[in-house]
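Here is the structure we will look at, set down as structure tokens.
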Amino acid sequence: MVTLDDLKTPKTNTWCPGCGNFGILMAFKKALIELGLEREETVLVSGIGCHGKMVNYVNINGFHGIHGRVLPVAQGIKLANPDLKVIGFAGDADQYNEGWGHFAHAIRTNIDMTLIVHDNMVLGLTTGQATSTSQQGFKSKSTPFGVIPPMLNPLTHAIVSNGSFVARGFAGDMLHLKGIIMKAISHKGFAFVDVFQPCVSFNYLNTYDWFRDRIYKLEEESHDVTDQKGALEKAFEWGDRIPIGIFYNKERPTYHDSLQHVKDVQLTNLPKENVDISETLKEFM
Ligand code: SF4
């Protein structure tokens with residue numbers, strides 16, 4: 021079982037003081053402990069960006085992938101060993117720019133895994149360029165006159181693509197976020213959580229105060245999480261009032277439910293004596 025020792029923060033943490041990533045990390049650790057997940061049965065995958073260090077800051081199995089490719093790696097792990105709990109962490113540019121195609125198909129495929137997107141609405145690691153969730157007019161190094169196209173809305177997309185669990189949290193409300201993450205990890209199917217994650221170094225528009233002035237919790241409005249149209253309506257809300265919480269949650273058959281041969285012959289249980297991966301490993305050296 022995952023213990024507090026496994027979750028000790030390493031001495032070296034390179035996130036900027038005050039970064040929203042700390043709130044996500046703490047919420048995730050608390051969720052892991054409360055769920056009582058087995059250490060050996062949990063795998064984390066991250067992409068490229070400041071969020072990518074999540075796998076370094078939680079001492080359980082982790083794979084730090086390349087930009088935009090969190091989902092192919094995570095889905096591959098799940099396909100090879102469906103007994104594992106697979107949790108992917110991505111950044112907004114990582115998932116909604118480079119990895120957008122993977123996102124769209126993972127949602128409709130309904131692989132049984134969780135995806136948590138650290139959405140700071142800017143590229144932080146590369147010191148402040150606009151991304152697809154940057155607001156119109158947002159001035160950055162790459163958009164000195166302001167972002168021209170409307171921002172991408174990952175929640176509306178996830179809902180119309182028949183996502184079975186669609187949620188949004190806020191890094192500045194750790195306990196609320198922990199509850200969402202626990203429900204996402206417990207969900208059977210593809211669980212998607214977008215998290216508002218203030219970047220205190222490069223996003224001077226969408227700050228903690230900016231979010232606190234606008235966000236409200238769906239639970240406060242007796243929102244019906246099984247109503248897809250109602251969820252979509254809520255996901256379109258932006259401006260003075262921005263909802264967070266679970267927008268949609270309705271289980272449907274997962275990809276594995278339809279793959280009897282994967283159930284019968286699990287890849288990780290096949291004989292490995294005659295398998296030689298030395299050539300493949302050289303690619304990673
Ligand atoms: Fe966090 Fe932004 Fe610093 Fe990255 S650059 S660690 S996202 S505050």
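The sequence shown begins at 21 in my numbering and counts up by one. Yeah, the Cβ is synthetic: ideal placement off N, Cα and C, and Gly gets one too.
**Inter-stretch contact (C-beta, 8 Å, three-pair minimum) for the region 125-132 and the region 274-285** = As far as the Cβ criterion goes, the region 125-132 touches the region 274-285, which means the pair count is three or higher.
**Message:** Could you check whether the region 32-50 touches the region 82-97, counting it as contact only if at least three pairs of C-beta atoms, one from each stretch, sit closer than 8 Å?
**Reply:** As far as the Cβ criterion goes, the region 32-50 does not touch the region 82-97, which means the pair count is below three.
**Asked** Taking the C-alpha atoms as reference points, what is the distance between Thr146 and Pro291?
**Response** Per the coordinates, the alpha-carbon of Thr146 lies some 44 Å from the alpha-carbon of Pro291.
**Asked** If you count every other CB in all the chains shown that lies within 10 Å of the CB of Leu195, and 16 or more means buried, which is it?
**Response** Taking all protein chains shown into account, Leu195 has fewer than 16 neighbouring C-beta atoms within 10 Å of its C-beta and is therefore exposed.
**Message:** Could you tell me the alpha carbon to alpha carbon distance between Gly189 and Phe109, rounded to whole angstroms?
**Reply:** When rounded, the distance between both Cα atoms is 14 Å.
**Message:** Looking at Val78: is its Cβ nearer than 9 Å to the Cβ of His84?
**Reply:** With a cutoff of 9 Å on beta-carbon distance, Val78 and His84 are scored as not near each other.
**Message:** I'd like to confirm the pairing. Which residues does DSSP put opposite Gly82 in its beta bridges?
**Reply:** Beta-bridge pairing links Gly82 to Leu64.
**Message:** Cutting at 6 Å between CB atoms, please list the residues of its own chain near Gly144, excluding the five before and the five after it.
**Reply:** Within the same chain, Cys70, Cys219, Phe222 come within 6 Å of Gly144 by CB-CB distance, once the 5 residues on both sides are set aside.
**Prompt:** Near Gly157, what residues of its chain come up, given a Cβ to Cβ distance below 8 Å and the 5 sequence neighbours on each side ignored?
**Reply:** Excluding residues within five positions, the ones whose Cβ falls inside 8 Å are Gly166, Val167.
**Request:** Using DSSP bridges, identify the partner residues of Val106.
**Result:** In DSSP, Val106 forms a bridge with Val63.
**Item:** Host alpha helix (DSSP H) of Thr129 (start-end)
**Value:** In the DSSP assignment, Thr129 falls within the unbroken alpha helix (DSSP H) covering 120-129.
**Cβ neighbour criterion (16 or more within 10 Å) applied to Pro170** = Exposed is the call here.
**Alpha-carbon to alpha-carbon, Thr227 and Leu57** = Cα to Cα, Leu57 sits roughly 33 Å from Thr227.
**Request:** Report back the beta-carbon spacing between Pro255 and Asn173 to the nearest angstrom; my notes put them in contact at under 8 Å.
**Result:** Residue identity differs from the one stated: residue 255 is Ala in this sequence, not Pro. Between the beta-carbon of Ala255 and that of Asn173 there is about 7 Å, and that keeps the pair under the 8 Å contact cut.
**Prompt:** Roughly how many angstroms lie between the CA atoms of Arg210 and Leu99, to the nearest whole one?
**Reply:** First, the amino acid is wrong: residue 210 is Phe here, not Arg. Spanning the two alpha carbons is a distance of roughly 13 Å.
**Prompt:** Can you give, in chain order, each stretch of the alpha helix (DSSP H) that sits fully within the region 215-289 and has at least 4 residues?
**Reply:** Correct list: 228-234, 248-255, 280-284.
**Item:** According to DSSP, residues forming a beta bridge with Leu135
**Value:** According to DSSP, which records beta bridges pairwise, Leu135 is partnered with Gly108, Phe212.
**Message:** Could you check if Asn117 belongs to the surroundings of ligand 1, using beta carbon to heavy atom distance under 8 Å?
**Reply:** Not so, every heavy atom of ligand 1 lies at least 8 Å from the Cβ.
**Request:** Taking Trp120 as the reference, give the member of Trp35, Ser181, Gln149 with the closest Cα.
**Result:** Here the closest residue by C-alpha is Ser181.
**Request:** Classify Glu293 as buried or exposed, calling it buried when 16 or more other Cβ atoms lie within 10 Å of its own Cβ.
**Result:** Exposed, because fewer than 16 other Cβ atoms sit within 10 Å of the Cβ of Glu293.
**Tyr236 burial status per 10 Å Cβ neighbour count (16 or more: buried)** = That one is exposed.
**Request:** Determine the closest residue to Glu54 out of His125, Glu239, Gly199, with distance taken between C-alpha atoms.
**Result:** For the residues His125, Glu239, Gly199, the minimum Cα distance to Glu54 belongs to Gly199.
**Item:** Completely contained alpha helix (DSSP H) runs for the region 141-189, where each covers 4 or more residues
**Value:** Counting whole runs of 4 or more residues, the region 141-189 contains the alpha helix (DSSP H) stretches 174-180.
**Asked** Can you tell me whether DSSP reads Lys292 as helix, strand or coil?
**Response** Collapsing the DSSP output to three states places Lys292 in coil.
**Prompt:** Helix, strand or coil: how does DSSP classify Phe42 here?
**Reply:** Of the three classes helix, strand and coil, the one that applies to Phe42 here is helix, per DSSP.
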